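Using full-length UniProt numbering, the first residue of the sequence shown is number 1, and each one after it goes up by one. Here a beta-carbon is modelled for each residue, glycine too, at the ideal position from N, C-alpha and C. Predicted model, so just to flag it, every value in this text is computed and none were measured.
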Amino acid sequence: MPSFIWQRIDSAPLGAEQLLGFNVLRLDLMHGLAPGNKIFKLEPCIADAKAKGFRRLLSFGGAWSNHLHALAALGQRHGLATVGVVRGEPDGPLSATLAEAQAAGMQLHYLSRTAYRQRHEKVFQRQLLARYGPAYLIPEGGDCLLGASGCMAIGEELARQMPSGASIILPVGTGTTLAGIVASLGPAYRVIGISALKGALDTASRVQRHLDQIGHSRDRAAWEICHDYHCGGFARAPVELREFLLSMEQSSAIPLEPVYSAKALLAAQKLLAAGQLDRSKPLVFIHTGGLQGRRGFDWLSDQGSVLQ
């Protein structure tokens with residue numbers, strides 16, 4: 001695993017001065033094939049699949065899925081076949097994400113949005129495996145015990161760099177990354193997840209389930225998930241978010257995307273302005289990657305292939 005990369009926010013646009021001094025853990029710069037948090041969630045699953053003799057991996061995602069994109073690349077590197085079960089009907093050309101996943105060997109299987117809602121149901125999963133198996137099934141987003149356990153390495157890095165504690169903010173989709181981080185930190189830390197999805201009120205229960213499964217007995221970091229900063233819902237980009245992303249990139253030279261990282265950093269600014277973060281401890285923002293998904297927004301410049 002490459003070394004962790006840190007960056008300090010020393011310049012911020014007008015109105016976001018509260019972010020000055022934030023320590024940014026740049027997971028987006030780690031591992032070109034699966035940047036961000038994906039390598040931490042997927043590598044343990046792939047190792048388990050290989051140990052059990054599977055030669056094919058199957059998982060789920062949308063047209064711009066960071067998860068499927070990373071899975072295709074890692075599957076190719078490990079010599080494993082991959083199947084991506086994609087939400088939505090094939091309509092026009094492939095997204096750049098799916099085109100690159102397919103180029104890396106991923107077989108694409110489309111489901112209507114109605115059928116896709118069954119992805120967590122065991123009977124439906126068995127039907128997919130009967131068609132494409134034998135295959136090792138990885139839940140959408142790597143949302144499983146192995147994925148959460150793999151993310152404990154992120155928390156261990158935080159403890160090394162900030163041994164006296166910190167306030168930590170990160171974007172949250174499934175909550176898997178947050179669970180791993182919380183499981184590896186003690187009570188001197190506070191971890192705040194910013195939900196990228198509107199109305200995802202079950203995320204906290206999934207995080208708690210992972211924590212119960214990991215099962216450490218010592219006191220853990222305080223944690224919470226904020227649902228007030230989704231900016232209208234998943235992949236929505238209102239004017240406020242667009243303006244913040246573009247101005248923050250220009251001033252800090254940290255690339256962002258509107259689905260996860262920009263939302264969470266905007267939330268950090270607002271929490272600081274409201275006095276809801278403790279400035280007596282280091283402030284940390286975890287950039288969980290997802291930059292390939294920028295290409296799904298026509299107001300952002302194309303980032304090109306990251307599978308090259």
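By the Cβ-count criterion, residue 187 is exposed, with fewer than 16 other Cβ atoms from all chains shown falling within 10 Å of its own Cβ. Counted as a single uninterrupted DSSP element, the stretch harbouring residue 18 is not any alpha helix (DSSP H), since DSSP gives it neither H nor E. Judged by beta-carbon spacing, residue 51 lies beyond the 8 Å limit of residue 248, meaning their Cβ atoms are not closer than that value. 8 Å or more divides the Cβ of residue 85 from the Cβ of residue 135. DSSP places residue 172 in the uninterrupted beta strand (DSSP E) bounded by 166-172.
The stretch 174-182 makes no contact with the stretch 102-118, as fewer than three CB pairs between them are under 8 Å.
Of all C-beta pairs linking the stretch 9-24 to the stretch 37-46, fewer than three are shorter than 8 Å, placing the two stretches out of contact.
For residue 123, the enclosing alpha helix (DSSP H) has its first and last residue at 122-132.
For residue 226, the enclosing beta strand (DSSP E) starts and ends at 222-226. Contact check for residue 28 against residue 289 passes: the beta carbons are separated by less than 8 Å. If you draw a straight line from the Cα of residue 55 to the Cα of residue 78, it comes to about 9 Å. Judged by beta-carbon spacing, residue 169 lies within the 8 Å limit of residue 194, meaning their Cβ atoms are closer than that value. Contact between residue 167 and residue 278 holds: CB atoms are separated by about 5 Å, below the 8 Å threshold. For residue 160, the closest alpha carbon among the candidates 184, 140, 250 is that of 184.
Taking a cut-off of 8 Å for Cβ pairs, the stretch 62-74 and the stretch 97-111 touch, as three or more such pairs fall below it. Residue 110: member of the beta strand (DSSP E) spanning 106-111, first to last residue. In the three-state scheme derived from DSSP, where H, G and I count as helix and E and B as strand, residue 118 is classed as coil. By the CB criterion at 8 Å, residue 270 and residue 196 fall outside the cutoff. Taking every protein chain shown into account, the CB of residue 38 has 16 or more other CB atoms within 10 angstroms, so this residue is buried. Straight-line measurement puts the Cα of residue 293 at about 17 Å from the Cα of residue 238.
8 Å or more divides the Cβ of residue 198 from the Cβ of residue 165. By the neighbour-count definition (other C-beta atoms within 10 Å, threshold 16), residue 5 is an exposed residue. Unbroken beta strand (DSSP E) runs of no fewer than 3 residues, entirely contained in the stretch 258-289, are found at 283-287, following chain order.
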